[in-house]
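Encoded as structure tokens, the structure appears first; notes follow it.
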Amino acid sequence: FNNSLIDINADEPGLYTTPLLIELCFQTAGLWEAGSTGNLGLPHSIGKLQVYRNVINGASIFAEVKPKEINGQLYFDARVIDTKGNVYLDLLNYRTSPQVETPDDQHLMPMKTLVSKKQD
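Counting from 23, one number per residue, gives the positions in the sequence shown under the numbering used here.
See below:
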């Protein structure tokens, strides 16, 4: 057993919640990408990650994702924020690696509907 591993029962909730918040950004960007381009992508790279010290306060959290194009490539800037306006992290210049196979329209339709409603 490796005793130098992080104690997840420590008083630092960020040690074990930060990966979940990053994953929230990945999933939200993935839904947007699938709904707008029809491509499924897996995480490829993150340009910058900034984690802020915030105490979990019981407020609902969500990811805000903004797509952008740089040199013909799709990138995302994302942030995790709660309903009280507290920012938990910023993830800048996140990029995915598109998968070879694309899903059929039946499976993409719910994501396309979400993206089209957001853009209206």
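Backbone N, C-alpha and C define an ideal beta-carbon position, used for all residues, glycine too. Computed from a predicted model, the values in this text were never measured in an experiment.
Residues in its own chain within less than 8 Å of S119 by CB, not counting five upstream and five downstream? G63, L64, P65 and H66
Opening and closing residue of the beta strand (DSSP E) in which P120 lies: V109 to P120
So G69 and N108 are supposed to be a Cβ contact under 8 Å. How far apart are they, rounded? With a Cβ gap of about 23 Å, G69 and N108 do not count as contacting.
Ordered along the chain, which non-local residues of its own chain (more than five positions away) have a Cβ less than 6 Å from that of L111? L43, V73 and V102
Proximity of A56 and L130 at Cβ, strictly below 9 Å: yes
What does a CB cutoff of less than 8 Å around E91 pick up in its chain, not counting 5 residues either side in sequence? Y97
Helix, strand or coil for E123 per DSSP? coil
Using only the alpha-carbon positions, how far apart do N76 and L136 sit? 30 Å
Per DSSP, what kind of secondary structure is G68 in: helix, strand or coil? It is worth fixing the name first, because residue 68 is Ile in this sequence and not Gly. In this structure, I68 counts as coil in the three-state DSSP scheme.
A85 - partner residues in DSSP beta bridges: V102
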